[in-house]
Every structure is written in structure tokens, then in C-alpha cells.
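Participant: What follows is a single structure, and I will ask about it in a moment.
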Amino acid sequence: MNLGLDYIDSLVEEDENEGIYRCKREMFTDPRLFDLEMKHIFEGNWIYLAHESQIPEKNDYYTTQMGRQPIFITRNKDGELNAFINACSHRG
5 MNLGLDYIDS LVEEDENEGI YRCKREMFTD PRLFDLEMKH IFEGNWIYLA
55 HESQIPEKND YYTTQMGRQP IFITRNKDGE LNAFINACSH RG
């Protein structure tokens, strides 16, 4: 999937002298750009999932999303945090 910088640049109108900075609608609706953002921002890097204060007690849990992937984070009986993809293994 190669959208090219020319295409992405064409979606932004910028005129510093006039104080204009606008994005065309496609910047927010193009599924190819969405896939590109998911791949390079959320799926290929470390990301912040939660603060440990959101799972304060032993056996607490917290659910969130990591890009398109549902995640749950638990604090085990020893107080350690663990994160897992929230998927049922027997359903594929």
C-alpha cells in the first residue's frame, strides 16, 4: 500500500501567511490512510495502554484497545501487571 506523500500532501491546505490550516475530508475517511496510521502508529510501536493506578488492587483488570486489537490488563495475586490480547483461543 503506497499512497505516496504527494497524495497525503494534497489533503492538507496550509497558508501560514493567511493563518489557514485545513484538512480535506478524505484525511479522516480514507480507509487506506486509516490502515497506514494503524500500522505505523499503533501496531508497530510501544504505546501507552493504561496507568497502573487504573488497576490498583490485586485481581483487578482493565480493558482497552491497542490499535485494532482489544486488550485486557490484569494485576495478578502477586501485584504484577500482565497484558493480553482479548481473544477467545477456542473460537479462532
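When you line the sequence shown up against the working numbering, it's residues 5 to 96, in that order.
Heads up, the beta-carbon is just placed ideally off N, CA and C, and yes, glycines get one too.
The model shown is predicted, which means the values in this text are computed figures rather than measured ones.
1. Under 6 Å Cβ to Cβ from residue 58, same chain only, skipping five residues before and after it: list those, please.
2. Just verifying my parser: in three-state terms, what is the DSSP assignment at residue 35?
3. Do residue 47 and residue 23 have their beta-carbon atoms positioned less than 7 Å apart in this structure?
4. Excluding five sequence neighbours on each side, which residues of the same chain lie with their C-beta closer than 8 Å to the C-beta of residue 63?
5. Going by DSSP, what residues sit across from residue 70 in a beta bridge?
6. What does a CB cutoff of less than 7 Å around residue 51 pick up in its chain, not counting 5 residues either side in sequence?
7. Terminal residues of the continuous alpha helix (DSSP H) containing residue 10?
8. Based on the DSSP output, what are the partners of residue 54 in its beta bridges?
Facilitator: Working from what's here:
1. The residues are 66.
2. DSSP places residue 35 in helix when its eight states are reduced to three.
3. With contacts defined as CB atoms closer than 7 Å, residue 23 and residue 47 fail to qualify as a contacting pair.
4. These residues qualify, in order along the chain: 78, 79, 80, 81.
5. Residue 70 pairs with 73.
6. Excluding positions up to five away in sequence, the list reads 70.
7. Looking at the DSSP string, the run of the alpha helix (DSSP H) that includes residue 10 is 9 to 14.
8. Residue 54 is not bridged to any residue.
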